[in-house]
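Below is one structure; the comments refer to it alone.
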Amino acid sequence: MSVLTPTAARSGVAGHLRQLEDQSVYILREAYRHFDNLCMLWSMGKDSTVLLWLARKAFFGHVPFPLVHVDTSYKIPEMIAYRDRVAREWGLNLLIAQNKDALANGMNHTLGRVVCCTALKTNGLKDFVAERGYTAVILGIRADEEGTRAKERYFSPRDHHGEWDFRDQPPELWGQFKTSFPEGTHIRVHPLLDWREIDVWEYIRAENIPIIDLYFNRGDGTRYRSLGCAPCTFAIRSTAKSLDDIIEELRQTTVAERSGRAQDEGRGMEVLRKDGYM
Amino acid sequence: MVALSDRAMEHLSIVVVGHVDHGKSTLLGRLYADTGSLPDGRIEKVQAICQQQGKEFEFAFLFDTFLEEQEQGITIDTARTFFSWDSREYVIIDAPGHKEFLKNMVSGAARAEAALLVIDAQEGVQEQSRKHAHLLAMLGVRQVAVVVNKMDLVAYRQEIFASIEDEYRAFLTKLGVTPERFIPVSAKLGDNVVSRSARTPWYTGPSVLEALGLFQKEIPQEDQPLRFPVQDVYKFDSRRILAGRIAAGRIRVGDRLVFAPSNKTARVKTIEGFNVDSPLLEGAARQSIGVTLDEQIFVERGEVACQEEFAPQVSTTLRCNVFWLGARPLEIGCRYLVRLATREVACEVVAIHHVIDVSELDVQETRTLLLKNEVGELTIRTKAPVAVDRSSDFEATGRFVLVDQCDVSGGGIVTEVLLDEHASLREEARRRDLSWVAGDVGPEARAAHYGHRAALVLLTGAAPNAQSALARRLEDHLVADGRHTYLLAPENLWRGLDADLLSADDRELVRRFGEVTRLLIDTGMIVVSPTSAFRRFDPDAVRTLLHPATVFMVHMGEPEANPDADVVLEASDDPNAAATNLIEELKRRGLLAYTLGEKRFEYASYTI
Ligand SMILES: Nc1nc2c(ncn2[C@@H]2O[C@H](COP(=O)(O)OP(=O)(O)OP(=O)(O)O)[C@@H](O)[C@H]2O)c(=O)[nH]1
Chain A
54 MSVLTPTAAR SGVAGHLRQL EDQSVYILRE AYRHFDNLCM LWSMGKDSTV
104 LLWLARKAFF GHVPFPLVHV DTSYKIPEMI AYRDRVAREW GLNLLIAQNK
154 DALANGMNHT LGRVVCCTAL KTNGLKDFVA ERGYTAVILG IRADEEGTRA
204 KERYFSPRDH HGEWDFRDQP PELWGQFKTS FPEGTHIRVH PLLDWREIDV
254 WEYIRAENIP IIDLYFNRGD GTRYRSLGCA PCTFAIRSTA KSLDDIIEEL
304 RQTTVAERSG RAQDEGRGME VLRKDGYM
Chain B
323 MVALSDRAME HLSIVVVGHV DHGKSTLLGR LYADTGSLPD GRIEKVQAIC
373 QQQGKEFEFA FLFDTFLEEQ EQGITIDTAR TFFSWDSREY VIIDAPGHKE
423 FLKNMVSGAA RAEAALLVID AQEGVQEQSR KHAHLLAMLG VRQVAVVVNK
473 MDLVAYRQEI FASIEDEYRA FLTKLGVTPE RFIPVSAKLG DNVVSRSART
523 PWYTGPSVLE ALGLFQKEIP QEDQPLRFPV QDVYKFDSRR ILAGRIAAGR
573 IRVGDRLVFA PSNKTARVKT IEGFNVDSPL LEGAARQSIG VTLDEQIFVE
623 RGEVACQEEF APQVSTTLRC NVFWLGARPL EIGCRYLVRL ATREVACEVV
673 AIHHVIDVSE LDVQETRTLL LKNEVGELTI RTKAPVAVDR SSDFEATGRF
723 VLVDQCDVSG GGIVTEVLLD EHASLREEAR RRDLSWVAGD VGPEARAAHY
773 GHRAALVLLT GAAPNAQSAL ARRLEDHLVA DGRHTYLLAP ENLWRGLDAD
823 LLSADDRELV RRFGEVTRLL IDTGMIVVSP TSAFRRFDPD AVRTLLHPAT
873 VFMVHMGEPE ANPDADVVLE ASDDPNAAAT NLIEELKRRG LLAYTLGEKR
923 FEYASYTI
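Keeping their order, the protein sequence lines are chains A and B. The number in the numbering used here is simply the position in the first sequence, starting from 1, with 53 added. The number in the numbering used here is simply the position in the second sequence, starting from 1, with 322 added.
Spelled out as structure tokens, the structure:
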């Protein structure tokens, strides 16, 4: 049996989740309409997998742009297996971006987390975007993840160096986004900005989206709440074995989602994101 | 249905606005802290930052996360924060108060359903207090509560609170905004933020937290007539799907849709979905949907589907209120791009009737410029007709943004749709098209059969014989190329169809010429017409009658003489070479293909 084909299809979600879905679908369609050369990042985590699902919603079962995995080579091995399986079953056009030079020179987190993230993720992405000439990149970041993302736009320009000028962001109103831009720059598109962590899980449950099982407690009393590179992501103590359990756990918690992510210490994310991090 | 229903929580978005430093971020920080809504460790993190900077604890730093924001003590950009209380989920948007960042305030407020307007009790009503209220009104945020903050600095005196309330209430009333309430608060000390304070015994109203609970959820406009702006047309598989977000009303399978401004009609065959078990039968306001039609009509992004009896207006001339956010001033006579729902079209500012001075809400003298952060009443003229409503009737199809070069630089709400000089021809075309008796072979079928779409190629400029020579060569080349083409010389109508007219009736001559070409185009033909025989030729009148068929204008001579021309040639160009080049140009623009406007997609192979 395939785990990737939902068993119980339904007539769609309702209420708040439907509103979030409608908005994300609208944004995805705007992005597809306005940019000929665009791609979507997929990290196999819950957020970007929901994003991928929303693209299939928006385009009626198709994903009309390539998916890019920025591969640091330090991902948890199950993630790669899951990636390849989903890509094959859903017929995705999957591209792998990797900063091979940095890896050849031995880049790893012990050289400093911000240094490593910048080299392998930020630069891995920036080089790939520049090389392929993408004018738009769709990403699954959410405003409730951390402070700098709370200030993002749905369509957020990046300059010639791929950097984010948060001091001078374009106005965004009435569903009209920044879709024209000078040569050599690109736009980051953020369809999931309004989603909270719990919305993502409730949507996964309502739509029956196949999700990687690292998010569940598989018997050892821990699970991942947020997935990144193996050395810098830590499992949390949890008994949650099912989607229902996870949702219940999130309703009770007062701990921030990314507390298991080392980059968020100090001003780590602020520095990373100005530089063009996801 | 599973999930969701087990927690049918209402969601509401609220923006906090007001003059710089009046305490918006502090109010939010206090609200989150006093309701225990902050994640573990957040307070400690801010405490450490404040200690490091040698400051006392700043609640504002909880959301002003950027280093620059904390160092300067101001909010630069809006932050979305999430908060739940009493079976409601809130998104609270902290907007900046500094006038430098007005465009960020607009971005935040445009997403909100209600607003808290914060006023410093000591400083009273300031410039941005007024500006923000004005913009809230234009952005369509109607529910407002006013927070009079820093009451600790005025010893919680009731008369100070009352005088601010009087002044500001009068101002808001002029804007048509009715504030729900005024609340005396000290964000810093927590008075009346979460619970009512003993320091304001004279105040009996709700706290800020309670006031949030009193805001109403906006109801989607499902009961209004339909407005469905077409966002895109997809042909990923055998289905041809019109995708879009319903702006108002409902769509049901079987409904007859009229598209404005093209006047095309068809019935809804299916509503498409993904991961649904039973077919969808209906879509309602705010939903992103996709429909297939029972007939293969050609519609594009930017058209608005509606019911025939309740159609939007169609015009090129709009009276509107515009707020300008661009660094370069908006200028009379300059060209901008209007984006209204999904329609994008070039426009020109014809008049700036006046600029509104927010402090007094008085109107100032006419001007030729609208500066950054000013609001003015303008008339704009679009290059092609748009389907539009007054914003007081339909929000989504009654407002637009203006794009200057690459940047969204202003927003406008339509106060009046004006009749332009082609209004009566447009109405004639609409009536004629909606009751057109057609055979079973539609334009799409003809286009597929002929291998090209129909179009009118108009030649302007140059001497009559130069026009005529080019028209002959073009007809010749197109037919040789397998295209169904006909050279229609307008003079041919004069002795026959127009025999009853005085030759001076220029408008009627043009109208009849337009109706004849309309017929020929309906046969699927490419019509080539020189226009030098007219004494006064109005290409826009012909365009209006033919809309939405393609009218391609070729001007021979000085480009200035016909700025709307699609192609400009030298009057002395060799007609043979010119005809060849023109055909290349028509091909390049896709006019000689029979499919237009559909996004197709082929999967690349799986690459691991
Ligand atoms: N005494 C007193 N000070 C306050 C109160 N509320 C805010 N402040 C102070 O006023 C200053 C500005 O507060 P902020 O919350 O940053 O103001 P803001 O309106 O968010 O500012 P911008 O977002 O930059 O427009 C800070 O130093 C606060 O400590 C209050 O109720 N009483």
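Just so you know, even glycine gets a beta-carbon here, dropped at the ideal spot from N, CA and C.
Item: Interface residues of chain A around leucine 353 of chain B at Cβ under 7 angstroms?; Value: Neighbours of leucine 353 of chain B on chain A: none; closest Cβ ~16 angstroms, over 7 angstroms.
Item: Mind checking whether valine 889 of chain B and leucine 904 of chain B have CB atoms under 8 angstroms apart?; Value: yes
Item: In angstroms, rounded to a whole number, what distance separates the CA positions of alanine 134 of chain A and leucine 603 of chain B?; Value: 39 angstroms
Item: Nearest to alanine 706 of chain B by alpha carbon, out of B:Val736, B:Arg748, B:Tyr412?; Value: B:Arg748
Item: Classify glycine 605 of chain B: buried if its beta carbon has 16 or more other beta carbons within 10 angstroms, exposed otherwise.; Value: buried
Item: Considering only heavy atoms of ligand 1, does any lie closer than 7 angstroms to the CB of serine 508 of chain B?; Value: yes
Item: Quick one: does leucine 192 of chain A have its CB under 8 angstroms from some CB of chain B?; Value: no
Item: Is valine 440 of chain B near ligand 1, in the sense that its beta carbon is under 7 angstroms from a heavy atom of that ligand?; Value: yes
Item: Write down every uninterrupted run of the beta strand (DSSP E) in the segment 204-274 of chain A whose length is 3 residues or greater and which is fully enclosed by it, in chain order.; Value: 208-211, 239-242
Item: Closer than 8 angstroms, CB to CB, is phenylalanine 269 of chain A near chain B or not?; Value: no
Item: Residues in its own chain within less than 7 angstroms of serine 55 of chain A by CB, not counting five upstream and five downstream?; Value: Per-residue confidence for serine 55 of chain A stands at a pLDDT of 40, beneath the threshold of 50, marking its modelled position as unreliable; no derived number is given.
Item: Label aspartate 827 of chain B either buried or exposed according to how many other C-beta atoms from any shown protein chain fall within 10 Å of its C-beta, with 16 as the threshold for buried.; Value: exposed
Item: Got a sec: is the Cβ-Cβ distance from aspartate 100 of chain A to anything in chain B below 8 angstroms?; Value: no
Item: Please classify alanine 821 of chain B: is it buried, with 16 or more other beta-carbons within 10 angstroms of its beta-carbon, or exposed?; Value: exposed
Item: Exposed or buried, which one is serine 851 of chain B when buried takes at least 16 other CB atoms within 10 Å?; Value: buried
Item: Quick one: using the 10 Å Cβ neighbour count with 16 as the cut-off for buried, is glycine 159 of chain A buried or exposed?; Value: exposed
Item: Using only the alpha-carbon positions, how far apart do glutamate 532 of chain B and proline 651 of chain B sit?; Value: 42 angstroms
Item: Applying a beta-carbon distance threshold of less than 7 angstroms, which residues of chain A neighbour lysine 273 of chain B?; Value: Shown here, chain B extends from 323 to 930; a query on residue 273 of chain B therefore has no answer.
Item: Using the rule of at least 16 other Cβ atoms within 10 Å of the residue's Cβ for burial, across every protein chain shown, is asparagine 471 of chain B buried or exposed?; Value: buried
Item: Should leucine 475 of chain B be listed as close to ligand 1, given that the test is whether its C-beta is under 7 angstroms from any heavy atom?; Value: yes
Item: Using beta carbons (cut-off 8 angstroms, strictly below), is glutamine 72 of chain A in contact with chain B?; Value: yes
Item: What residues in the segment 395-406 of chain B have a beta carbon less than 8 angstroms from any beta carbon of chain A?; Value: Ile398, Asp399, Thr400, Ala401, Arg402, Thr403, Phe404
Item: Using only the alpha-carbon positions, how far apart do isoleucine 251 of chain A and aspartate 298 of chain A sit?; Value: 12 angstroms
Item: Got a sec? Which residues, its chain only, sit under 7 angstroms from alanine 588 of chain B by beta carbon, not counting five neighbours each side?; Value: Leu579, Leu615, Asp616, Glu617, Ile619
Item: In the structure shown, what three-state DSSP assignment does arginine 521 of chain B receive?; Value: coil
Item: May I ask you to verify whether the segment 116-128 of chain A touches the segment 654-665 of chain B, counting CB pairs closer than 8 angstroms and requiring at least 3?; Value: no
Item: So, is arginine 195 of chain A buried or exposed, given that buried needs 16 or more other C-beta atoms within 10 angstroms?; Value: buried
Item: Under the assumption that alanine 570 of chain B contacts glutamine 543 of chain B (Cβ atoms under 8 angstroms), give the Cβ distance between them as a whole number of angstroms.; Value: 4 angstroms
Item: Three-state secondary structure (DSSP) at methionine 93 of chain A?; Value: strand
Item: Going by the beta-carbon positions, is the gap between leucine 350 of chain B and threonine 403 of chain B smaller than 8 angstroms?; Value: yes
Item: Give, in chain order, every unbroken run of the beta strand (DSSP E) that is at least 3 residues long and sits entirely within the segment 728-758 of chain B.; Value: 729-740
Item: Counting only Cβ pairs nearer than 7 angstroms, list the residues of chain B close to threonine 307 of chain A.; Value: Pro361, Asp362
Item: Helix, strand or coil: how does DSSP classify proline 119 of chain A here?; Value: coil
Item: Reducing DSSP to helix, strand and coil, say where glutamine 374 of chain B ends up.; Value: helix
Item: Comparing the CB of glutamate 743 of chain B with every heavy atom of ligand 2, is any distance shorter than 7 angstroms?; Value: Questions concerning ligand 2 fall outside what the structure shown contains, since the ligands it does hold are ligand 1.
Item: State the Cα-Cα distance for the pair leucine 831 of chain B and leucine 823 of chain B, rounded to the nearest angstrom.; Value: 8 angstroms
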